[in-house]
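Residue numbers (numbering that gives the first Met the number 0), protein chains in the order written: chain R, 0 to 236; chain F, 0 to 694.
Accompanying notes for the structure given below.
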Amino acid sequence: MLKKDLISRSPLRQMGYEHDDIIPEGGFGAVLARAGVGKTALLVQFALNTMLRGKRVLHVSLQDPVQKVDVWYRELFHHLAVQYQVGQIRTLWEEILPLRFIMTFKVEGFSVPRLRERLNDLTEQGIFRPEAIIMDGLICDDGAEPVLREMKAMVEELGLRAWFTVHVHRQVKADEDGVPKPLLPADELFDVALLLVTEGNEMHIRDLKSSQIPSPRPVLILDPATMLIKESAAVAS
Amino acid sequence: MKRDLAKVRNIGISAHIDSGKTTLTERILYYTKRIHAIHEVKGKDGVGATMDSMELEKERGITIASAATYCEWNGHEVNIIDTPGHVDFTIEVERSLRVLDGAVLVLCSVGGVQSQSITVDQQMKRYHVPCIAFINKCDRSGANPVRVIEQLRSKLGHNAVALQMPIGLESDFQGVVDLIEMRAVYFEGAHGEELRYGEIPAALSGEAQRLREEMIDQASMYSDELTEAILEDREITPALVLAALRRGTLKRKLTPVVMGSAYKNKGVQKLLDAVTSLLPCPADVENTALNLDENEAPVILKSAPDEPVVALAFKLEDGPYGQLTYIRVYQGTIARGTTIVNVRSGKKIKVGRLARMHADQMEDIEVIPAGYIGALFGVECASGDTFVSPGLNLAMTSMYVPAPVISLAIVPKDNKAQINMSKALSRFTKEDPTFKCHVDEETNETIIAGMGELHLEVYVERMRREYGAEVSTGNPRVAYRETITRRADFNYIHKKQTGGAGQYGRIAGYIEPTAEGDFIFENKITGGAIPTQYIPACEKGFRQSLEKGPKLEFPITGIKVVINDGAYHAVDSSDMAFQAAARGAFRDAYLRARPVVHEPIMKVVVEAPTEFQGPVMGLLNQRRGMIVGAQDEGAMCIVEAQVPLAEMFGFSTVLRSATQGKAQFTMEFSLYRQVPAAIAEKIAEEIAARKKHAA
């Protein structure tokens, strides 16, 4: 299987979206779930897909060190490549690796101006100019609204697409529509919100916001062993 | 020599550069009365720490060779291996870990878990070495043991459990609270040798109680007895807690943390208590050897003194009495006068003098039983050799030895230097498997190769100091490799029929890239187009071609050769003819198979104050580095990158000047990657110029 086939297996396309970039330039997307369900895994898959399409991704983690984030990428890329029997795994990996930059901050040390400063270090010296940004571990509670607004301003100015992980504290029912509470303070900033829920031994992905997907919406299942989206998606009513 | 195996501890002290390992070892030797005065590492008093026995180490304030030494504490015999902290010498660290049963991971309370600690930790994991952590330098400004414990958990994934908490920090550091005994410990006297116990200061008692509960909670996971005691509200004795903690530690499920300041003579005795009560004895560790008679099937060794001998030579040193071989006996007993066999060479050796070492002093002993570390005199062997009783054919697990990535031409100044240089090189190559040397056939230069610039520099320096061999060095050269990127067919006739016996051979087939090995040869000839007796000659011919690529004369790797047709002549074909045909066929096909050059890429980790993050990334970027990520640690940041080795020469000087000397970096080999076309051209030009110069 070739690289373009791998791109066409994009997690977003499997979810029924027509394009890989479901959020516009300057837009926000969120993946919501309880702890340990697979938010990071899903976002890393989005990032890998973006990299495979030749676009640069900045991965900002507020919880894991660089090496651990790197392991996420390696493992998921390896699983993907094995699942779809892509040849020349190493060459392809080497090809996309320069399109990723990992930045980690301590939760207490993170601020948007600081991120901006770091980003300027990179862009001014021509080291790295991201097109998408993955924000992993930002606490999206009631107090997060100012941070999110600052982020929005930055993302819009730089023409980036930003994905966030949002930790859901309470059990959210799988069929409950609407955005769970933790995201509410800055709800209008988000273009897309995907909810991961566990049902029995499976993990389902529900789209909470987008009107792009025709009804009935497909329910996608994450394989808990590899954290990859399973090929056979059931269709919910 | 004591014979109670349960009271033996073979431990290593591993850590990042400048975490204070050597100072700590020095203090341990002082408190265990092996030495009677304390010297500082940097040698201000002109004596230097006892463990840094090599002159050079004293001068540079770093530890190069892991000197083995022993001491006694609370009736236990503790063998200590002081290990080097620089990545360039990791083979030393790995070798030490192989023979150790437990380790002390020294961490700086200011720097915390640094890049080298991560490497050392990975090595410990590979050899399943249980460890305890010692947070050193609690007296330094910026000391924060709580943060270090947190880093142990988050960066290394250890289940770190504090057994102590500090009383005061930085310049106010007075002592520690022992959470097991629940009392304060102060270290008094000129050199902290007198322990004074007292009540826990009132301000700390709440926190101490909380930490004790946390510790007991963690420990109870490994002891039913302790759990019962908690549930039944019985008294929790220190012995009960220690037994549970020990069980967790031996399984590597738990890392006990103690703290202090070796330099200020605080906390070292409590660390020794922890070593003796929490780290394993040789009998607690399962060691395996490979049975060479049964296709290297693993055999579990019995740590009993009356079994046949199995021992590993883990370090060689050249002393005034000849070669000194450090060994660890895993099974049986080596005694004076017994006969043992070197498995690699098959040579029988009669054991002469035995000793145990204390840095560069020694003590003669009669026997080295299973579980002990000692030294043999006058035994010819290489490090990593296994010694066994006659009749056994076991080898200790072969250690992973990485291939060298950098080489350097050395030229002796005069005849005397030439002789001494040969002696030195023969010794160094035996001592260190990552250090290689050979003579370049074309330039006649002696080439030394190793794992990094500093690695080679130290050996050149040692040649000068220890052997009096003055040598001048050339520019370091990177170990490039060639490989092909696509399939190419060949059909080559080697024919020489002018005068004398003729030569004839035709070989057809193809070459293609492979990721499965350096060289794969496949014979798909049917119908006897090339008679079977000539096939090995064909393979040999191809193999010869790999040594020097036709493109830039670098070794070729990752290639598969398939032969599927050919022709021979009843009279004129010979092994020679087919070897020549194979070489010709290879030359012919190789250039059509789009050959490329690969270069070693190093993983470079730079730690610098945050304000220098931009300049550091710029420096790495200028060196064709690919920055993997940047980690913001508050005041400090860590930038991780993959940089070609060829671009890293002199990096330390540039980094120092760009960061006012506040940054440090470590570097280790990561992978081989294709060289960009423009750089490949430059390399070709350099090689052409060098050839011209040699001619």
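We put the CB at the ideal spot given by N, CA and C, even for glycine.
The structure presented is a predicted model; accordingly, all values stated were derived computationally and were not measured.
In chain order, L195, M202, L221 and M226 place their CB closer than 7 Å to the CB of R:G37, counting only its own chain and leaving out the 5 sequence neighbours on each side. About 7 Å separates the CB atoms of R:L5 and R:L79; that is less than 8 Å, so the two are in contact.
The Cβ of F:G617 sits closer than 8 Å to at least one Cβ of chain R. By the beta-carbon neighbour count (other beta carbons within 10 angstroms, threshold 16), F:T665 is buried.
Listed along the chain, the chain R residues whose CB falls inside 8 Å of the CB of F:M625 are L96 and P97. Just measuring C-alpha positions, the residue of F:A687, F:T248, F:A507 and F:S13 sitting nearest F:C280 is F:T248.
Counting only runs that start and end inside the region 290–344 of chain F, the beta strand (DSSP E) elements of at least 3 residues fall at 296–299, 309–318, 321–330, 332–334 and 338–341. Contacts with chain R at 8 Å (Cβ-Cβ) include F:D631. Annotation for R:W92: F76 place their beta carbon closer than 7 Å to its own, counting only its chain and skipping 5 residues before and after. Contact residues of the region 649–672 of chain F toward chain R are R672 (C-beta to C-beta distance below 7 Å). Within chain R, the residues whose beta carbon sits less than 7 Å from that of F:N620 are Q124 and I126, listed in sequence order. Counting along the chain, R:Y83 sits inside no alpha helix (DSSP H), nor does DSSP assign it H or E at all.
Between the C-alpha atoms of F:R209 and F:E187 there is a straight-line separation of about 27 Å. For the pair F:R97 and F:F313, the CB atoms are nearer than the 8 Å cut-off. In the DSSP annotation of this structure, the continuous segment of the alpha helix (DSSP H) that includes F:Y29 starts and ends at K20 to Y30.
Assigned with DSSP and collapsed to three states, R:Q62 falls in coil, not helix or strand. Using beta-carbon distances, F:A514 counts as an interface residue toward chain R, with a partner under 8 Å. Taken in chain order, the whole beta strand (DSSP E) runs of length 3 or more contained in the region 457–539 of chain F are 470–472, 480–483, 487–495, 502–512 and 518–522.
Using beta-carbon distances, R:M102 counts as an interface residue toward chain F, with a partner under 8 Å. The continuous stretches of beta strand (DSSP E) do not include F:A657, which lies in the alpha helix (DSSP H) extending over residues F650 to A657. Two segments are said to touch when three or more pairs of C-beta atoms, one from each, lie closer than 8 Å; by this definition the region 607–624 of chain F touches the region 641–655 of chain F. Only buried fits R:L118, as 16 or more other CB atoms lie within 10 angstroms of its CB. Following the DSSP letters along the chain, one finds F:R245 inside the alpha helix (DSSP H) bounded by residues P237 to L249. For R:G25, the nearest beta carbon of chain F is not closer than 8 Å to its own beta carbon. In this structure R:D141 is exposed. Its beta-carbon is surrounded by fewer than 16 other beta-carbon atoms within 10 angstroms. F:P530 counts as exposed, since fewer than 16 other C-beta atoms from the protein chains shown sit within 10 angstroms of its C-beta.
The beta carbon of F:Q630 is closer than 8 Å to those of C636, I637, V638 and E639 in its chain, skipping five residues each way along the sequence. When the five nearest sequence neighbours on each side are left out, the beta carbons in the same chain lying within less than 6 Å of the beta carbon of F:A159 are those of I148, L151, R152, T254 and V256, in order along the chain.
For the pair R:G28 and R:D190, the CB atoms are nearer than the 8 Å cut-off. The beta carbon of F:E639 falls within 8 Å of a beta carbon belonging to chain R, placing the residue at that interface.
Note on geometry: alpha-carbon atoms of F:V119 and F:V103 lie some 11 Å from one another.
DSSP, reduced to helix, strand and coil, places F:A566 within a strand of the structure shown. The way I'd put it, the region 287–299 of chain F doesn't touch the region 257–265 of chain F; fewer than three beta-carbon pairs between them come closer than 8 Å.
Using beta-carbon distances, R:R148 does not count as an interface residue toward chain F, since no partner is under 8 Å.
Proximity to F:T324 across F:G156, F:V342, F:C380 and F:E365 peaks at F:C380, based on C-alpha coordinates. With at least 16 other beta carbons inside 10 angstroms of its own, R:L121 counts as buried.
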